[in-house]
Structure formats: C-alpha cells, structure tokens
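Visitor:
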Amino acid sequence: MTTIGRSIPHDSARGHVTGAARYIDDLPRVEGELEVVFAGSPAARGTIRSIDVEAARAAPGVVAVLTHHDVPGHNRWGPIEADEPFLADVEVRYLGQPVAAIAAITREAAERARTLVRVEVDEEAPVLTIDDAIARGEFLTPERFIRCGDLEAGWARATHRLEGTFRSGGQEQLYFESQAAIAIPGEDGQMVVHSSTQNPTEIQTVVAEALGVGRHRVVAICKRMGGGFGGKETQGSIPAALAALVAQRTGRPARIVYGKDDDMAVTGKRHPYRSRYRVGFDELGVITAFELELRSDGGAYLDLSSAVLERSMLHADNAYRFENASISGRVCRTNLPPSTAFRGFGGPQGMAVIENVIQEIAIQLGRDSLDVRRANAYGRDPSEQRPNRTPYGQEVRANLVPEMLERLAAEGDYGRRRAEIEHENRASPTSLRGLAMTPVKFGISFTNKTLNQANALVNVFTDGSVQVSTGATEMGQGVNTKIAQLVADELGVDYEAVTVMPTSTEKNNNTSPTAASASTDLNGTAAVRACEQIRSRMAGLAARLLKAGDDEQAAARLRFADGAIRDAESGASISFAELATAAHRERLDLGARGFYATPDIDYDRESGRGTPFYYFTTGCALAEVRIERLTGELWVERLDVLLDIGRVINPGIERGQAIGGLVQGIGWVSTEELVYGERGELLSASPTTYKIPNVSDLPAHFRLDFVENELNRHNLKSTKAVGEPPLMLGLAVWCAIKDALASIRPGLVPQLRLPATHEAILDAIVALEDSPRELEAPAPREPATAATSIEADQGVATTQAELRAPSRT
Amino acid sequence: MRNHLLFSVNGARQRVEGDDARLPLSTFLRERLRLTGTKVVCAEGDCGACSVLVARESSAGASGGPLDWQPIDACITFLHQVDGCHLMTVEGVPFGDGEADGEPGAERSASRDPYLHPVQTAMIERFGSQCGFCTPGFVVTLAAMAERARQRGAERLEPAATRRGLTGNLCRCTGYLQILEAAEAVPVACCPPLDAVLDRRLRAELALAAGEEVRIEAPGSHDGAPGDSEPAGDWVYLPTSLEAASAALAADPRARPIAGATDLGVQHNKGRLEPGPLVQLGPRIPGFDRVEIAGGRLRAAAGATWTSLLEAVRDEVPQLAEILERFGAPQIRNLGTIGGNLANASPIADSLPFLYVMGAELELVGPGGRRRLPIEAFYRGYKEIDLGRGELIAAIEVPLPEPGEVLRLRKLSRRFDLDISSVTAAFHLSFAGDRIDRARIAFGGVGPTVLRAPRAEVALAGHVLDLELARRAGRIARAEVTPITDVRGSEEYRARLVERLFVELAYELTASPRIAASV
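Chains A and B, in that order, give the protein sequences. Residue numbers 1 to 809, in my numbering, belong to the letters of the first sequence in order. Residue numbers 1 to 519, in my numbering, belong to the letters of the second sequence in order.
#1: In this structure, how does DSSP classify serine 7 of chain A when only helix, strand and coil are distinguished?
#2: Identify every residue that forms a DSSP beta bridge with cysteine 543 of chain B.
#3: Kindly indicate if chain B contains any beta-carbon less than 8 Å away from that of arginine 144 of chain A.
#4: In terms of residues, what are the limits of the beta strand (DSSP E) holding alanine 432 of chain B?
#5: What distance in whole Å lies between the Cβ atoms of leucine 405 of chain A and isoleucine 421 of chain A, which are believed to be in contact at a cut-off of 8 Å?
#6: For aspartate 697 of chain A, decide whether its Cβ has a neighbour in chain B, counting only Cβ atoms nearer than 8 Å.
#7: Give me the subset of the region 10-26 of chain A whose CB atoms are less than 9 Å from a CB atom of chain B, sorted by chain position.
#8: Give me the Cα-Cα distance between aspartate 131 of chain A and leucine 166 of chain B, rounded to the nearest whole angstrom.
#9: Can you tell me whether valine 317 of chain B is buried or exposed, with buried defined as 16 or more other CB within 10 angstroms of its CB?
#10: Can you check which of these residues, A:Ile80, A:Ala410, A:Glu681 and A:Gly571, is closest to glutamate 451 of chain A by C-alpha distance?
#11: Check the Cβ-Cβ distances between glutamine 829 of chain A and every residue of chain B, and say whether any is below 8 Å.
#12: DSSP on aspartate 815 of chain A, reduced to helix/strand/coil?
#13: Where alanine 304 of chain B and phenylalanine 288 of chain B are concerned, what is the direct C-alpha to C-alpha distance, given to the nearest angstrom?
#14: By Cβ distance below 7 Å, which residues in the same chain neighbour alanine 517 of chain B in space, the five residues on each side in sequence not counted?
#15: Determine the chain B residues that contact leucine 662 of chain A at a beta-carbon separation under 8 Å, and present them in chain order.
#16: Would you mind sorting valine 16 of chain B into buried or exposed? The rule is 16 or more other CB atoms within 10 Å of its CB.
#17: Output needed in chain order: residues of the region 416-449 of chain B with a Cβ under 8 Å from some Cβ in chain A.
#18: Helix, strand or coil for phenylalanine 121 of chain B, going by three-state DSSP, please let me know.
#19: Confirm, please, whether the CB-CB distance from serine 58 of chain B to proline 71 of chain B is below 8 Å.
#20: When you compare the CB positions of valine 503 of chain B and arginine 471 of chain B, do they come within less than 8 Å of one another, or not?
#21: Going by the beta-carbon positions, is the gap between aspartate 600 of chain A and threonine 611 of chain A smaller than 8 Å?
#22: Taking DSSP as the reference, what is the three-state secondary structure of proline 513 of chain B?
#23: Measure the alpha-carbon distance for proline 725 of chain A versus proline 348 of chain A and round it to whole angstroms.
#24: Quick check on the DSSP output: what are the complete alpha helix (DSSP H) runs of length 4 or more inside the region 365-398 of chain B, in order along the chain?
#25: Could you check if tyrosine 379 of chain B is buried or exposed, using at least 16 other CB atoms within 10 Å of its CB as the buried criterion?
#26: Hey, could you find the ends of the beta strand (DSSP E) cysteine 222 of chain A is sitting in?
#27: Do arginine 152 of chain B and glycine 64 of chain B count as a contact pair if the criterion is CB distance below 8 Å?
#28: Look at valine 40 of chain B and threonine 89 of chain B and say whether their C-beta atoms are less than 8 Å apart.
#29: Whole angstroms are fine: how far does the CA of alanine 409 of chain A sit from the CA of glycine 415 of chain A?
#30: Can you give the Cα-Cα distance for leucine 342 of chain B and leucine 352 of chain B, rounded to whole angstroms?
#31: For a contact meaning CB atoms closer than 7 Å, what does cysteine 191 of chain B contact in chain A?
#32: In whole angstroms, what separates the C-alpha of serine 536 of chain A from that of threonine 473 of chain A?
#33: Can you list, in chain order, the residues of its chain whose CB lies under 7 Å from that of arginine 299 of chain B, leaving out five sequence neighbours each side?
#34: From aspartate 68 of chain B to alanine 55 of chain B, what does the alpha carbon distance come to, in whole angstroms?
#35: Answer with yes or no whether the minimum CB distance from leucine 412 of chain B to chain A is below 8 Å.
#36: When the cut-off is 8 Å and only beta carbons count, does phenylalanine 702 of chain A lie next to chain B?
Okay, here's the thing in structure tokens:
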C-alpha cells in the first residue's frame, strides 16, 4: 500500500502531545554550560561613543562579556549583502540592536549583568516610517520596474479611473519558540551549533565567518523548530553567532534563548508597505491600465528585503491579467529592526493592493466585486483573445481560478447571501455585513534561481530500514512526514521503516532555506532521486536472485511495494530487508545522494522579465463578516475555501497548512497591529498587546476543500506547494470588511487600513458618516452575475479631500 | 507551623523549602524536575503554552472524592501558591485503555499507542499539533475538560464549550480547527480519571497540608549566582486567618499581600517585582473564597476566583457572566481573585464598571478592625487606593439589578478573548414608566480610574430614551472622560466609543422601527 494520499500523523506528533519532543531550551544543560544574553542599543539611530562593559564583567556569575572587538572573523553578515553587524560597532541603527554579549553561569545572572552595560550614543533623529524615509531619501535598494503593454493605450481605453494610497502593516511571526541556539566547541577550532533555524547553511556560514574559520569547521543542526513562518530564515544568525563567539572564547558550551519580549522587540517582521496606484478600467471593470508604486519598510539593514520586494512586484497582478502595467518597487531604510521573511514573502503585500483596487472598482461602478474579479481573472489557459501572460512575461497555464470562483460562488450560495446582506444592511442601523471572494495565485520557486536546488542523502540498512537526510527543516509544517512518505513509496517499504533525520550541514551541504513553500518540492525530489539510484542497484540483484533474468527489462519488471520486490511475471518475490542484506553481502552501495535543480526557470530583475516560477499554486476564499456599526467590532462569520494544490501527499498535514496559513492571514488583516513609540520602541512587544487569532476568532462556519487538478503534471508526483498561498486568502476577510463598509454610503469608497482593527474600522465608519450627503450615490448595486452593462457613472462626480470619491476619466 | 511547601506533581510528593519556594512554577517544573514538556512562551499568562493542571484537596480534610482539575498558567504562578495542591503536567496525564473514535479519515497504526490519554491520541490522529510548542498546554487543558465531562457522565465534549474552554491557549500554526476536531473526537467515557495518578496517602497528606499555616524563610534571591545571596530576612507566609495576615503585613512594611498573582507573576517575569516578604492569601483562610447570592445581593470574599464568581452569576446576572467569560481566560480566572483585581486598581479592570454602577461596597479588615466603604471612595487616583498599613480587602458586596431595571455591560478589546480592554462600560438604568428614573454610568480605560459620567446620568434622568437623547448624553459623557492614546487605542477612538455606546444603548433598548428609520 502506498502512503502518498494518506493522512499519516506528523512524525513528531507523539512527542508533541506527550511533551517528549525537545526544542533547544529543553536540551539538558551540559557541564560548564553558559547562558548568553545580549545588551542592546539605547537609541534607534546614532554613532556609538563608548561601550562600557566593566561593571557587567565584574557582576557575580559573569564569565565573559563580548563586544565587536571580540569578533575574530568579520563582523558583518546578511543573506544578500553583508551589511549587518553581529555586534554594533560604529553606529547603531535600531533600538535594542545587540551591542554586547554577556555570558554567565545562570540566565538570571546574565540578565542582571545586562542592565550594567553602558552604551553611549550620539543620538540622531530616527526614521520610523516609510513616508519619513522617502522624505529623507533613505533607501536600501534602487528602484526596479516590471512593465508590460502600452500604458498610453490603456489609459485611452479606460472609461473610468481611480487612484489612491494603500497601506499594509507589518506582522510579527510570533513563532512560539523564540530564537535559540546552543554552541558546543569541539577540537581544532570546530564548533557544533544547534539552532532553531529554517536555514542551517546560513547558520553554518555566519558562525564560520564570525569565528574566522572555514565552513568545514562548523556543523549546524536543527532537529525541529517551535514554529518559524519565515522568522527563522535569517533571524537565527545573530543569536547563533553570539553563542558561538562565547563558546569559542570560553571553550565552554553556550546557550542563548531569547525571551519573547526581546525576540519581538529586536527581530525582523513582515514588511509594512505604502503603495500608490492609478488604475484605468472600462464599464465592466476590466482594468486597462495599472500603475503601481510599491514602497516597503526594510528596516535598518537589507536582510531579505530586495527579494521580498521582488516577490511583491511579481504578485501585484495576483490572479488578474494586466494588459498594460507599470509596477515599480523600492525598499526604504528606517531605524527599525530589519524586516525579514514572513510566510508569503511580499506576496501578501502585493496582492493586497490589487484586491483593494478591485473592491474600489466595484464600489465606483456599483457592480458586484465578484463580477469585477471574473472580468479580470486569468483564463484557464492562454488563448488568442486572452494571452494569459503575466506582466513579467510568464504564461499562466492550467489555471483553475476561474473554475474555483464559479464553484465557490455556487457552493457558497453567493447570490442569495449577497441579496440577503444588501437587504439587511439597509434595514439595520447597528449591524453591517459584508461578503467578498478573493483568489490567490502564488508563484512557486525562489526568485533567486540559485536557491532552487537541493540534495538528499538516503541510507538503507541491512534490516531494510531507511534513514533520510535533507536540507529541509521541520518547523511544524510536516515536511519530514511528507518526505518519509515519498521515500517509503519509492522503495516500496512501510512508512514506519523510514526515519527522517535532524537537519545537519554535515550530511547536506550548501542547502537552501526551508522557505518559499518549496521544501517538499526540492528536497522531496532530491530524496526520490536518491532512492531511484538505490532501487536500481537493488533491482539488478533482485532480478538475479528471483531468476527473472539479468537484462534491464527484467530489472524494470520488478515492483518495489509492500516491503517486497516482486517479479510481476513469475510472481516470485523477496522481502526488501532480505534484498538489502543480500545487496550488502554482494558489496552493493545501499546509500545514495540525490540532487535536484528546478528546471525551466529564469528571471532577469533588471528587465523585469522572465519565467521566475515553475508553477503557481492557486485557490480562492469566500468570506462573510459582520461589523458592529457603532463600535467597529468585527466578527468573521463564515469562510469557504478552495485550493488547488495538485495531488495531495498527506491530506491531514496539508489541510493543516491551509487552515493555519489562512488564519495567520486573517490575523494580518484584522487584529495584528505593530505599534511603535517615538523612539522606535515597539509598544506591542508581547502577546498581551500583540493579538494573534484566538480559537474564538475562528469562524463558526469554516469549510475547506482541495480541488482536483487533472492538468497538473508539472511537479514532483503532480503535487503542488501549500505552505504560503493560503495565507493570502485572508485578504477575503479584509475585502469583506471593505464591502460591508461600502454599504454605509453606496458609491463612496471607504478608507480602510490594513490591519482593519476595530479602531480602523470605526475610523472608516465615522469618515463615511461625516462625509457630505450630496456625495452619496443613489444607484443601488447591481446583483452579481448580471451580464448587462452598467450605467456606472451616475452617482459620483466630484472629488473631495477626506473621502476619495472616484472620478471619471 | 510548617516551614516548607508540600504539593504533588504527577502523583509524586514534592517538598520545597527556602528560596525555591518563590520560584515560578514553570521554572520549578522545567529546571528542578526537568519536566520540559511545559513550555514558556510569553511568560505573562497570555498564551497558555505553560498550562498545567491544579487540583486542591478540600482543606477540611480528605474526602477522597473526585478532584476538580483546573488549568492554570505555570509561568505566572509562584510555587507558594500551590502549597497543598496536586499538579499535573503533560508528562503526567494518565493513559487509559480507551478506544478513540472509530471514524475513518485518519491513520492510526502509527499512533495507536496504549500509553496515551485519549486526548493525546485524538490530537495525533486529527493533526492537532504542528510545531508542537503549544501542544502540551492544549493537551492538559483538554484533559481537564474531558475529566469534568466524564464526571458529569457526558460522552463527548460540547463544541461551543470547548471553544470557550480553549480561549486561554493560543496556537500560531494550526488555525485551531484541527484541535477542535480532535476535541470532538475524544471518547470522554474512555478517559481515565485524572485522580488515578494519586495514591490515597498522598491525598490525605495534602488535604491536611492545604489547611496548615506555613512560613518559609526565603531570601528571595533564588535566581542569583552562588555567593550572590542577599541577606536573609525575606519570608513567605501562608496564613490561616485574615487577622493573622493583617498582623503580618502590619509588622513589616516591606511585606505585600499576594493572591492569584496573575499580575504580580507578570511583573516578576518582566523584572519589575522587588523582592520582599510575601503574605500569600488563599483558601486555607476559611471562607476566603466564598461567593453567595442572597437577598438580591452578591457577596464575594476577596479570595473568590473569577471562575467561582462566573459560576455564581451565570444565571443570576447573565450580563456580568458574559463579561466574565471574556475576563482573561480560564487559566487566569482559575487563579485570579476579585480581591486581587480590586487591589491591583487597574483602570481597565473588567469588573469595575459593573461594581461602580451597582454601588458595590468593600469590606476591609486591618489592625484597627473592620470597615466598609463604597467602591468609588476606595480609588483615589491612578493605582492609588484607600488601604491602610496592614489592611486587607475581606469581601465585596454588590446589590444586583432588580426586575425592570436595565444593566448593560460592554467590554471592547482588540481581540474578543484573552485581551485587555480598550474601553469598558456599564449602564444601570431604572425606570418610572417610560422615563428613565435614575441612570448610573461608568467607563473604564478612559481615565486614571474607572469614571462615572454624572452629567450624562443627569441628562438621561427623567426622560424617555430616544436616539436624540442618547446622542446628546453621549456627547456630554465624551466631555466627562479623559482618555489617553496608548497601544490599545487612540484617545479619539476611546472618546468615540464612549459617545457611541449611548447610541448603541438606545438601539438596544428601543428596537422600535421609529428609531431605526431616523438614523
């Protein structure tokens, strides 16, 4: 029996539910181990005048205090450009930036000494917002463009236009296990680092560079993470380096575990964006011209910001066809911790703009937003009328978005609910309901082509059991379980016979981060390729042993299944374990390394053209919300979701990814708000003030289905990546809020921020209520699916400062 | 007088003395017992990853009856709070012979394991864990729910109640749905009794211990490096009478009373709690946790937990029950007391607007005897209360709304559950015919203390409440409050809410089409 398609429990599930699964801080302390904390910058921006660590050094229990002077290697790191210090030297660029590392015999002693470090800074006024950064000319990257079609022609064809500024806020990953590492010094300058990281190779690299040794002296290991969500793609670097520096200096093992408040205060988060747009469209809402200027808040150092921005630009179209578009992007530099990866990696910020635009087009035209989405969506396959080409020139194929929109509209009873909601919104003075369906089309592959490779090591033992090692790290997403399933099926052994080993740079070198949703694609394919080599060696022997003949056809006739190798012709068989023993006796290699590099991808960021993605994962969500009009309180009442993730490897795990990602997306668009003070201090720096979704925020009606996609032949076993795309379906909730607000003054565009907190919703309500009456559009909204053309322009004619009323071209 | 702590963890007797008595429970479990299944994430009672179960023997002596296991947050519980209690961590949840739900859809060969509690089996088979860091907290919380349901004779956990019961456990990975599905799949009748981990002798010993007076000399620098101890002199005292507590507080000005510690535990973890002697108040003081409703009045002793208060008012004052359901989370309500909430004097305390508009009275006990004072007199300014040296809150008495009166309570927060409010409000109206006879209105989160809105109250009195009046009163009230901008909302947002809640009240009370049409 094959395992693919079966809901096999997570390979650590038993450890999770019994408490036996160990995370970094659960590892027993070893003799002489030190606890490490960092002392941070007292200012968000300035030049360091002095660092006084004498009092901290003299404090009880303290063994070492290190500053930038104590970094023997080079004190700069970064995944794209090495611009960030491990310990600040000349200047400080964000509040709390690590300046000194304190090692003591207990965590409490280290914490006490931490308060004794004195850092004097010649302070400068910090840049804390995108607007500020632009005004002061502070950028981390040059401006880049993606352009397509002929904007002039697009504007000429537009019968309507709208423009605006859209802001989306940052988001804290809030992985439950905070950043953590243990460094254990070895012989000859070697160092073993256990790190809670999505990127052991990056940890190996930065530790080697900080210590001033070759990478061959450093082993980075990750057994599991207590959540990552992108926040451990690069952000494990500083803590791992600090622990390793202490371990190298003292010759003692060193452990660093950030407290949650510190973690939230100094590590990177999702980028806030400010986006300006101008859109031209026709009476049906078909977009004829689209101009977009994306500006992200990259924080103090580059980190992954240019790649994140690139993905935003590549997802500015979401699932919609732009014939004529100009998309520009630039990363701003501020004095906040460097923004970094977070599930979606810029995709959500790009898509949020276009989904907002679609809502606004619908409001301006008095059309149902679903119809506007239908009118603009990429078709299933390219045709002569509809080339299905993205602004960067990649063709969209086997695209089920149009089908999913229709199926969800039917199954979700869209028309009836729309009518009911309109009626209720007219009748109720205190309650507003809203409805929106948004699609997602998310490109799979790292946009940095180099990263689209993986290697895997598969070892078969003579008892027929199998160990697999890959560069993929396990953060709860179930990649280990899925890889074990792939390997089990490939070798025809029971799932229980396969163990996926902790990720270690000792077994898999030069690996890519577990990111971009692509870890099963890349590492799973590499593992399958390793299995193919072993199987082919074993098959030759099996053919002889089963007397099937010694030619290649005989070997090919053998089936590896159910723990045995069977000759389909004769029915003769040998167990996998027996064959493994025999192979070992015959001196056949029972280990193999597989390698995979994603084919057919290429993207030129200078020209903004190419085929950056191997394929797209798509889906759509229908959300219904209710708002208390007098207070702005929000409830998500119902969610219906469809996803095309191709062939499903493990329904239980992949369903979990979909629901979990979606709920994170809902958090991003509603309750999760990062609030900073004037000095650049994060005020919402703990779960008390930063509110991720609670169980009671889960809608009472929540349905999720995977669609069959017979067209998908593309990827590993016709599967598709699932990790990130569902997060962006959280935008359906935001759009439903905007939809609800639009019923207050039909025709007027509500001004709604993201996240749409209760306060933000109330702000929008009050602005609509306070707007002059004459702006109100008399035209009722057309029902969905109406095919007749719309007299869209009767309602609104003038613009007005507070509330942007749409204007005609 | 006993000079050490006695309690049990997973059925094993624990004796703790000296500095360790002041450890957070999570630190004791993880560092001393190496039970690392209990995770610490927020260290402030806001995520539930550190959830463990606590059960208290009746202090009257061993009854041997089934225990009431309640989840608490181990990170903000000090060890001296659990003296005389049984504790259970994820490592100690008993396993049973129960067969989990036979529904298809999940693989079980890999996970079917005789050494698991049915909650654990369900969590495995229903994909209730992803990264696993929050999972131990969910497992123990669900195990306690299953235990309670089993004691009731229920077969399944009720889905709506499961949601309410899990509001204190956050999960960042799963989006909760598969955890709820796991909960629904738990075969309650097959769950082994949690008491099964305890032997009778242990139960008898702790039943006795739970009523004993305890005083531990503890320097209060347990966390220091060796040789770094502060001079001895601090102590932790667990008195068995209010008078003894008061005398201990009066005798040493450094001493402070502590009850559920749901705020002091947070202050400790953030490094904001000065060491010093502690007087731990709790149910070993007879009657200190009593709640009773009689003669139209609610009387709660200061040590009554929010859980017991919630149960007491669920039918009698549903409006208050609705607010208390959202007060913290089950873990917080199982620890936190009304006395602690009153003395902590937060202007955003969820209970206070209700107590203000109902005219609650506090009963204080101190070296000079007992005195009573109205709640509004108790609060003098931001976190300033009328409590003399050695004085303690003994109880609070609240008249309950009478038939025909209106009580409306509102809690507005960024997130519905497990969130500190941005604004709280209470409206208490009595009527003479159609007209409002008397209005009492209080708001929290819009000033240094909870504020009454006397001018708005006057504006309402003597009138029929319609939208016009509500708007006017709202504008008046808005001018009476003094909100500030902070992380939970802007000054403008809070002022707007104050104003608009009057309009909401009018709609609520007058569902007449006339008003609806005039908007």
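C-beta: ideal position from N, C-alpha, C; glycine also.
Guide: Looking at the coordinates:
#1: coil
#2: Residue 543 of chain B falls outside the range modelled here, since chain B spans only 1 to 519, and no answer is possible.
#3: no
#4: 423-432
#5: 18 Å between Cβ atoms; not a contact.
#6: yes
#7: His10, Asp11, Ser12, Ala13, Arg14, Gly15, His16, Val17, Thr18, Gly19, Ala20, Ala21, Arg22, Tyr23, Asp25 and Asp26
#8: 41 Å
#9: Per the 10 Å Cβ criterion, buried.
#10: In the sequence on display, residue 451 of chain A carries leucine and not glutamate. Cα-wise, what sits closest to leucine 451 of chain A is A:Ile80.
#11: Lying outside 1 to 809, the shown extent of chain A, residue 829 of chain A is not represented and no answer is given.
#12: There is simply no residue 815 of chain A to check, as chain A begins at 1 and stops at 809 in what is shown.
#13: 7 Å
#14: In this predicted model, alanine 517 of chain B has a pLDDT of only 37, less than 50, meaning its place in the structure is not dependable; the value taken from the coordinates is given anyway. There are no such residues.
#15: Gly175
#16: By the 16-neighbour rule on beta-carbons within 10 angstroms, valine 16 of chain B is buried.
#17: Phe416, Asp417, Leu418, Asp419, Ile420 and Ser422
#18: The sequence given here places threonine at residue 121 of chain B; phenylalanine does not occur at that position. The three-state reading of DSSP puts threonine 121 of chain B in helix, counting H, G and I together.
#19: no
#20: yes
#21: Contact: yes.
#22: A caution first: proline 513 of chain B carries a pLDDT of 39, below 50, which makes its placement in the model too unreliable to give a value.
#23: 9 Å
#24: 375-378
#25: buried
#26: Segment 218-222, the beta strand (DSSP E) holding cysteine 222 of chain A.
#27: Result no, Cβ atoms of glycine 64 of chain B and arginine 152 of chain B do not sit closer than 8 Å.
#28: Contact flag unset, no.
#29: 7 Å
#30: 8 Å
#31: The premise fails here: cysteine 191 of chain B is roughly 14 Å from chain A at the closest Cβ pair, so nothing lies under 7 Å.
#32: 28 Å
#33: Glu292, Ala395 and Glu397
#34: Between the alpha carbons of aspartate 68 of chain B and alanine 55 of chain B lies a distance of about 6 Å.
#35: Interface criterion met: the Cβ of leucine 412 of chain B is under 8 Å from a Cβ in chain A.
#36: yes
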